[in-house]
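See below for the structure under consideration.
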Amino acid sequence: MAKIPVIISTDPGIDDAAALGVAFYRNELDIRLITTLHGNVDIGKTTANTLKILDFFGQKIPVARGMETPLVIAPVSTDVHGESGMDGYDFPESGQTVIPEHAVEAMRSLLESSDEKITIISIGPLTNIAMLLLMYPQIKSKIERVVLMGGSLSGGNVTSAAEFNIWADPHAAKIVFESGLELVMIGLDVTLKALIGSSDLAKHRNKSAEMFTATFGHYRDGDMEHGVMMHDMCAVTYVTNPEIFKVEPKRVTVVTEGAAIGMTMEVSGEPNVRVATGIDQEAFRNWFSETLSRMV
43 MAKIPVIIST
53 DPGIDDAAAL
63 GVAFYRNELD
73 IRLITTLHGN
83 VDIGKTTANT
93 LKILDFFGQK
103 IPVARGMETP
113 LVIAPVSTDV
123 HGESGMDGYD
133 FPESGQTVIP
143 EHAVEAMRSL
153 LESSDEKITI
163 ISIGPLTNIA
173 MLLLMYPQIK
183 SKIERVVLMG
193 GSLSGGNVTS
203 AAEFNIWADP
213 HAAKIVFESG
223 LELVMIGLDV
233 TLKALIGSSD
243 LAKHRNKSAE
253 MFTATFGHYR
263 DGDMEHGVMM
273 HDMCAVTYVT
283 NPEIFKVEPK
293 RVTVVTEGAA
303 IGMTMEVSGE
313 PNVRVATGID
323 QEAFRNWFSE
333 TLSRMV
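43 is the number of the first residue of the sequence shown in our numbering; add one for each residue after it.
Take a look at the structure:
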């Protein structure tokens, strides 16, 4: 079976680190490029964390540093992932470096030269992708689809209305949602139910399980007894095994001002995104366990 060529846009982040780790060990994926950006912590930390993750898993994949700030609003962050973004495990400094090109240029070059369309997996704010679409709108024809972790139709996690990845750059999200690209939104409606805890990790005796146990214990989105929420991992899971999710076509707009800024609001009209509205929790845990069994 042909592999799915992908670009991953990320802002590690504990759950980003887990999402990247499992993506490296999914045979369905051909990861062509990783781009970093502002988000859970500043871009210096998200980029350093990405390189540390590559070293930890013994991977050599091009990494391009991207947008340092949101398009319009001031940079935002939370303390959900700790000061470093990956608190709880002592990752050595990486010996790898980013490629010289800015992430937007690296994506453009890769997409233009590719003989096949490429899927973009976004597990951070959407700034890099929005800037790509603003600067090179013709590149849309080379993008298979964007599968994004972000948004919610049932309430937020940074405000009562907004999920973090959309809230961190709502103007970029609005550009992507209105781009006409094929979009799949994997939001809090399902990721809050994608729980991995100590009992899931205890079945495995490898370096990856040890690292996940250490970092998940410092993650403030859940607890190890009941499970921590694997928000970003769900986007990777969807790309390899979409049958684990229920998705529905909907018209979604992004609120860019006022108290509800960052809200992904369902409105009437022609659908512009497929929204994940259900998840088979047991199948997700089995998918995670099966992937973890292959890891270092």
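All residues carry an ideal CB built from backbone N, CA and C; glycine is no exception.
Source: prediction; values computed, not measured.
DSSP beta-bridge partners of residue i
i	result
SER51	THR77, SER164
LEU71	ILE46
PRO291	ARG316
When the options are compared against residue i, the one with the closest alpha-carbon
i	options	result
GLY193	ILE50, MET271, VAL294, ALA60	VAL294
LYS216	GLY197, VAL297, LEU62	VAL297
GLY300	ILE238, PRO212, VAL226, LEU113	PRO212
GLU312	VAL140, PRO54, GLY222	GLY222
SER136	CYS276, VAL281, PHE254, LYS87	LYS87
Cβ-based neighbour list, residue i, same chain, cut-off 6 angstroms, excluding 5 preceding and 5 following
i	result
ASP274	ASP57, ASP58, ALA61, ILE165, MET191
ALA204	GLY198, GLY304, MET305
THR77	SER51, ALA106, GLY108, ALA145, ASN170
HIS123	Below a pLDDT of 50, predicted positions are generally treated as unreliable, and HIS123, at 44, falls in that range; the measurement from the model is reported next regardless. Excluding positions up to five away in sequence, the list reads GLY55, ILE56, ASN82.
VAL226	VAL189, ARG316
Endpoints, the alpha helix (DSSP H) within which residue i is located
i	result
MET275	275-282
VAL218	212-219
VAL200	No alpha helix (DSSP H) contains VAL200, which DSSP labels as neither H nor E.
THR344	Residue 344 lies beyond the range of the chain shown here (43 to 338); nothing can be said about it.
VAL232	230-233
GLU332	323-334
LYS249	249-258
Nearest-angstrom beta carbon gap, residue j and residue i [assumed within contact, 8 angstroms]
i	j	result
LEU96	ILE85	Not quite, the Cβ-Cβ distance comes to about 16 angstroms (not below 8 angstroms), so this is no contact.
VAL289	ALA325	Their Cβ separation, rounded to whole angstroms, is 15 angstroms, which puts VAL289 and ALA325 out of contact at 8 angstroms.
ALA210	PRO167	4 angstroms
Residue interval of the beta strand (DSSP E) (run including residue i)
i	result
ALA65	Per DSSP, ALA65 belongs to no beta strand (DSSP E); it is in the alpha helix (DSSP H), 56-66.
GLU186	185-191
GLU308	306-309
Same chain only: Cβ atoms within 7 angstroms of residue i, ignoring 5 sequence neighbours per side
i	result
ARG336	TYR67
ILE185	LEU153, LYS159, ILE160, ILE162, LEU223
LYS45	GLU70, LEU71, ASP72
CB contact below 8 angstroms: residue i versus chain B
i	result
SER136	Absent from the structure is chain B; it holds one protein chain and no more.
Sequence-distant residues of its chain with Cβ nearer than 8 angstroms to residue i (five each side left out)
i	result
LEU230	GLY193, SER194, SER196, GLY197, GLY198, ASN199, GLU205, HIS273
ARG187	THR161, ILE162, LEU223, GLU224, LEU225, VAL226
ALA148	LEU75, THR77, PRO104, ALA106, ILE141
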